[in-house]
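Inspection log for the structure reproduced underneath, given as structure tokens.
There are 2 protein chains.
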Amino acid sequence: MLSEFDLIARYFTRPSRRFSPVTLGIGDDCALLSPPHGSQLAISSDMLVEGRHFFPGADPFQLGHKCLAVNLSDLAAMGAAPVAFTLALALPEANAEWLEPFSKGLLALADRHDCELMGGDTTKGPLNICITIFGQVPPDQSLRRDAARPGDDIWISGTLGDARLALAGYRNELPLDKDMLNAAAPRMHAPTPRVGLGVALRGIARAAIDISDGLVGDLGHILHRSGVGASLDADLLPAGAMLSAQSAELRRRFTLAGGDDYELCFTAPANRRDDVLAAGSLSSTPVTRVGSIEAAPGLRLRDADGKPLDLQLTSFDHFASP
Amino acid sequence: MLSEFDLIARYFTRPSRRFSPVTLGIGDDCALLSPPHGSQLAISSDMLVEGRHFFPGADPFQLGHKCLAVNLSDLAAMGAAPVAFTLALALPEANAEWLEPFSKGLLALADRHDCELMGGDTTKGPLNICITIFGQVPPDQSLRRDAARPGDDIWISGTLGDARLALAGYRNELPLDKDMLNAAAPRMHAPTPRVGLGVALRGIARAAIDISDGLVGDLGHILHRSGVGASLDADLLPAGAMLSAQSAELRRRFTLAGGDDYELCFTAPANRRDDVLAAGSLSSTPVTRVGSIEAAPGLRLRDADGKPLDLQLTSFDHFASP
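Dropping the structure here:
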């Protein structure tokens, strides 16, 4: 049986790096961070609960990846570059068969983004993973939800809906064949945070959010906080490769109100289209223009012919959902 | 039924302050923090789990206090002044009868220490409260665990053992009368973080730790990381008011290896005794000298006559304990 200190030492402690802003890492009452001169820190916390955000018995390597990915995605949505994170972990038992792959999945993604595990907490309890992440962004260059302006284009990174399609398959909401489920599943289990794109959009995009609860709901936060409305071209929304093979009705539903996409939805002035495309190129991230911000409040959906669509869609709410 | 957004708005969102280092608070993908020029950030995460760190059905006002208090205590142990915190909360249901007093207990303590709630996460799940706290401390003035030197005095703030005594009462480990349990209980449910003392000890103390898992274990971390040993005068340890009325054997056991004390254990050079006492005065915190750091590894306990004591004591471990 591993003790709390053994498991921190074995799976989560690594040599400190040179040139790190983390002055003091794991092992004291606090970690110490020396923020780069003149930068702002972007800070986000996400808590993932077994049976809620992931299936009981979920693959621990993928889970380690996903827990950090959703936090990196929040940094991306602010235009912030990753710096470091803390990990608080409640575990039913200190089990090496789970901890080893979990820490590997987590730290592999952390290394890819040069984001240092600087501290945290471990305790016994129902499986719960809480990461708080720190990024840096120059003052006045953060991509805030309240910055959209009428006339802005609305853009989406990557594709939408395959994570929701996989969930529908697991839940037997749809008759999804096994190959298709296996092809869609990585979008649910191992999302790609759009960190490079977020940083490349500094000074170009105005508002941004990451799409975790479904596009309509998440874009709604931008509209609400910016005091604007929008029109969306529902049939221009980039559907995931597997969702593209489904009916038009399902494509609309899962691109507009899927969930777990972790793509960016952002707005940018119409005269910056070339710059947005260049930022997409630079970060190897596809970007698609899907609508525009308007002064009139509310969200209007259009079909491929420009005709109004009236869909009843709901966003994910952790307490309203079963 | 409150939605996730309703409950954040109703219980946790407050007007932003003037002159706050928090540039952007609750409501975006990330919060933004502008660290004061030239300071270091001290960062700590603590996760509290129902049935582990607090009893099922614990009073929510006290619980709100305690969750933040244990994090403030980590800042105190680094000599850091509180700045802001994030709160991630898993709740079985969005229940106003619980959330209102919880947020009041939490925010009352936050206000007392001018520590701003800057963001977080809420989700459905087994009750779990994870706070990540940010403080500031001038470079080279943090109180680290690895800074103790042979010849340093060892000091304790406040008193030890009443929280453990209350736990013993609740668990019926001891025949504790109701009045005594009621008098000891606040030390368990509503600890006082020694923030003022921690800040006052900057430049005076060398090493510090907060006593959460019992003095012997926590002092052990200082000894281990500093590469030193120590002698402790077991019978000089300041016992809590209720523990003082118990047997000498119990006093020793619960002051040396209680838990949940949230007092500071710190070391300081012997020629700074007056300064330590002045720091205690300035912060209205009693401080008691209880031993000394020595070059020889290991922890030696002495009784009131200076004779060696051989006690079998264990520190709390979250995975080794039932």
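One line per chain: the protein sequences are A and B, in this order. Just so it is clear: in the first sequence, position 232 is 232 by my numbering, and no numbers are missing. Just so it is clear: in the second sequence, position 59 is 381 by my numbering, and no numbers are missing. Beta carbons are placed, not taken as given, at the ideal position from N, Cα and C, and that holds for glycine. Just so you know, these numbers come straight off a predicted model, no measurement behind them.
Of all alpha-carbon atoms in A:Leu87, A:Ala163 and A:Thr159, the one lying nearest the alpha-carbon of isoleucine 129 of chain A is that of A:Leu87.
For the pair leucine 237 of chain A and leucine 160 of chain A, the CB atoms are nearer than the 8 Å cut-off. Distance from the Cα of proline 515 of chain B is smallest, within the candidate group B:Phe334, B:Pro382, B:Ala331 and B:Ser605, for B:Ser605. Alanine 90 of chain A sits close to leucine 127 of chain A, with the two beta carbons spaced by under 8 Å. Counted as a single uninterrupted DSSP element, the beta strand (DSSP E) harbouring isoleucine 455 of chain B occupies residues 450–459.
Arginine 252 of chain A is positioned such that its CB atom lies no closer than 8 Å to that of alanine 268 of chain A. Under the Cβ criterion of 8 Å, methionine 242 of chain A is not counted among the residues facing chain B. C-alpha of tyrosine 262 of chain A to C-alpha of leucine 277 of chain A: approximately 19 Å in a straight line.
With fewer than 16 other Cβ atoms from the protein chains shown falling within 10 Å of its own Cβ, tyrosine 170 of chain A counts as exposed. In the DSSP assignment, lysine 446 of chain B falls within the unbroken beta strand (DSSP E) covering 438–446.
Within the same chain, Pro404, Leu431, His435, Cys437, Ile455, Pro515 and Val517 come within 8 Å of leucine 394 of chain B by CB-CB distance, once the 5 residues on both sides are set aside. Beta-bridge annotation (DSSP): glycine 291 of chain A is paired with A:Ile154 and A:Leu232.
Glutamine 568 of chain B sits in coil when the DSSP states are folded into three classes, being neither helix nor strand.
With contacts defined by Cβ atoms closer than 8 Å, serine 292 of chain A and isoleucine 204 of chain A do not form a contacting pair.
For arginine 149 of chain A, no Cβ of chain B is located within less than 8 Å of the residue's own Cβ. Contacts with chain A (Cβ-Cβ distance below 9 Å) from the segment 360–392 of chain B involve Gly360, Ser361, Gln362, Leu363, Ala364, Ile365, Ser366, Ser367, Asp368, Met369, Leu370, Val371, Glu372, Gly373, Arg374 and His375, listed in chain order. In the pairwise beta carbon analysis, the segment 304–312 of chain A is classified as not touching the segment 183–190 of chain A: fewer than three pairs are separated by under 8 Å. Separation of the CB atoms of leucine 243 of chain A and leucine 165 of chain A is rounded to 5 Å, and the pair is thereby assigned contact status at 8 Å. Isoleucine 365 of chain B: member of the beta strand (DSSP E) spanning 362–371, first to last residue. For alanine 406 of chain B, the enclosing beta strand (DSSP E) stretches over residues 403–413. Chain B places a beta carbon closer than 8 Å to that of serine 34 of chain A, counting this residue as a contact.
Across the set B:Ile330, B:Ile365, B:His375 and B:Leu489, the C-alpha of B:Ile365 shows the shortest separation from the C-alpha of leucine 397 of chain B. At a Cβ-Cβ threshold of 8 Å, glycine 427 of chain B and leucine 385 of chain B count as neighbours. Judged by their CB atoms, arginine 225 of chain A and arginine 145 of chain A are nearer to each other than the 8 Å cut-off. Between alanine 470 of chain B and valine 538 of chain B, the CB-CB gap reaches or exceeds 8 Å. Per DSSP, leucine 465 of chain B lies in no alpha helix (DSSP H) and is assigned neither H nor E. Spatial neighbours of glutamate 422 of chain B in its own chain (CB-CB distance under 7 Å, excluding positions within 5 residues in sequence) are listed in chain order as Tyr333.
Contact annotation: in the segment 422–449 of chain B, residues whose CB is within less than 8 Å of a CB in chain A are Met440, Gly441, Gly442, Asp443, Thr444, Thr445, Lys446, Gly447 and Pro448. Using a Cβ-Cβ cut-off of 7 Å, threonine 86 of chain A is close to Ile365, Ser367 and Thr454 of chain B, given in chain order.
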